Amino acid sequence: MATIRLGDIAPDFTADSSAGMINLYDYIGDGWGILFSHPADFTPVCTTELGTAAKFKDDFEKRNVKMLALSVDGAASHAEWIKDINETQNTTVNFPIIADEDKKVSDLYDMIHPNANSTLTVRSVYIIGPDKTVKLIITYPASTGRNFHELLRVIDSLQLTANHKVATPANWKPGDDVVISPAITTEDAKGIFTKGVEEVKPYLRMTPQPNI
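Positions in the sequence shown are counted from 1; adding 308 to them yields our numbering.
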C-alpha cells in the first residue's frame, strides 16, 4: 500500500464510476481536482456530504476544480445511493462517484487505515494541482462531516499562494491581508507589493491580498 504525502505526484488511475469509466488525469485535465473518499454507500454522514458537495459544484467550477468522489461499492449501488442523496438532500448529484470494489484506488491513495477499519476507506480529501501533485490531504473520522466552506477556503489559499510570493495566516479568508514570504527582503517586498507592506516583525510582514 502506498503512502501519499504532500508534494507527491497523485497516482493516476482508470476506474468505473457512476458516470462510466474515468481516467483521473484526463478528467482533471489542466485544472485542479478534489478527490474525496467515503467508507461505503448508504452511510448517513456521507449522504449529507455528497448532497452538500453537489450544491457546491458551481463554487468549485469557478475555481477550475473538478470534483470526484469514491466509495468501495459498485456502480450499480452508487446509482441507487444517488437516488437517496437527491431525494433526502434536495439536490442532484452532478459529479462522478468512483466504484472501487477491488480497492485498487483505495490502496493507491492509502485510504484504508486498519486501526480504524480493516476493509473500509477512511474519509479523506485530496486536492490535486494542475501539475498533478498533491497539494492538500485531510482525513476525517467517520463521525465528523466535512466542511465544504473550509475546502473552498483552502483552495483559494492554494491558488493564491501558487501564483504570488505570499502565505495565508490563521483564519484567513479571501480579501484578508496575507503574509509576505520570508524569502523576500522587506526592501524587495515594497517593490513587489505596491499596495503596501506592514512590518510587524522583521520576519512577519503583511500586505493586502495581491490578486484583488
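All residues carry an ideal CB built from backbone N, CA and C; glycine is no exception.
All figures in this text were calculated on a predicted structure; none of them were measured in a lab.
- Following the DSSP letters along the chain, one finds Ile336 inside the alpha helix (DSSP H) bounded by residues 332 to 336.
- Leu314 carries a coil assignment under DSSP once its states are collapsed to helix, strand and coil.
- By the CB criterion at 9 Å, Ala387 and Asp324 fall outside the cutoff.
- For His346, the enclosing beta strand (DSSP E) covers residues 340 to 346.
- Pairing Ile435 with Pro518, the inter-Cα distance amounts to about 23 Å.
- Counting only residues of its own chain and dropping the five nearest sequence neighbours on each side, Phe403 has a CB closer than 6 Å to the CB of Met375.
- With distances taken between CA atoms, Phe350 lies nearest to Asp392 out of Thr494, Asp334, Asn398, Asp392.
- At a Cβ-Cβ threshold of 9 Å, Ser345 and Ala377 count as neighbours.
- Just so you know, the alpha carbons of Trp389 and Pro352 end up roughly 11 Å apart.
- Ranked by how close their Cα comes to the Cα of Pro516, the residues Ser385, Val373, Asp496, Gly483 have Gly483 in first place.
- Nearest to Ala491 by C-alpha distance, out of Ala450, Arg513, Trp480, Ser326, is Arg513.
- With 16 or more other Cβ atoms inside 10 Å of its own Cβ, Asp408 counts as buried.
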